[in-house]
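One structure is given below, encoded as structure tokens.
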Amino acid sequence: MKNCEELAERVKHLEKQLKEIQSHCSHVFFETSESDVRTCIKCSYTETVFYRFPQKQS
Numbered sequence: 005m006k007n008c009e010e011l012a013e014r015v016k017h018l019e020k021q022l023k024e025i026q027s028h029c030s031h032v033f034f035e036t037s038e039s040d041v042r043t044c045i046k047c048s049y050t051e052t053v054f055y056r057f058p059q060k061q062s
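Be aware that the sequence shown starts at 5, since it is given in the working numbering, and climbs by one per residue.
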């Protein structure tokens, strides 16, 4: 049981570090038209795309 508690604490610590990194990142997003999520290629921060403007047809 001690190992589980240590692992849970380690996960909490890593999540805190990740949030700190993401808060200072100047996000560079990668997104595809197949997904409603875009991901920063620097820090892996993700956010949901709520609306996409229609693409102009040539």
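Glycine included, every Cβ here is placed at the ideal spot set by N, Cα and C.
Cα-Cα separation between residue i and residue j, rounded to whole angstroms
| i | j | result |
| --- | --- | --- |
| C47 | Q61 | 34 Å |
| E13 | K20 | 11 Å |
| V15 | T36 | 29 Å |
| C8 | L22 | 21 Å |
Paired residues, beta bridge with residue i - DSSP
| i | result |
| --- | --- |
| C44 | F33 |
| E51 | R42 |
Expected contact under 8 Å - CB spacing of residue i and residue j to nearest Å
| i | j | result |
| --- | --- | --- |
| V41 | V32 | Contact flag wrong, Cβ pair sits at about 15 Å. |
Under 7 Å between C-beta atoms of residue i and residue j
| i | j | result |
| --- | --- | --- |
| F57 | I45 | no |
| Q26 | Y55 | no |
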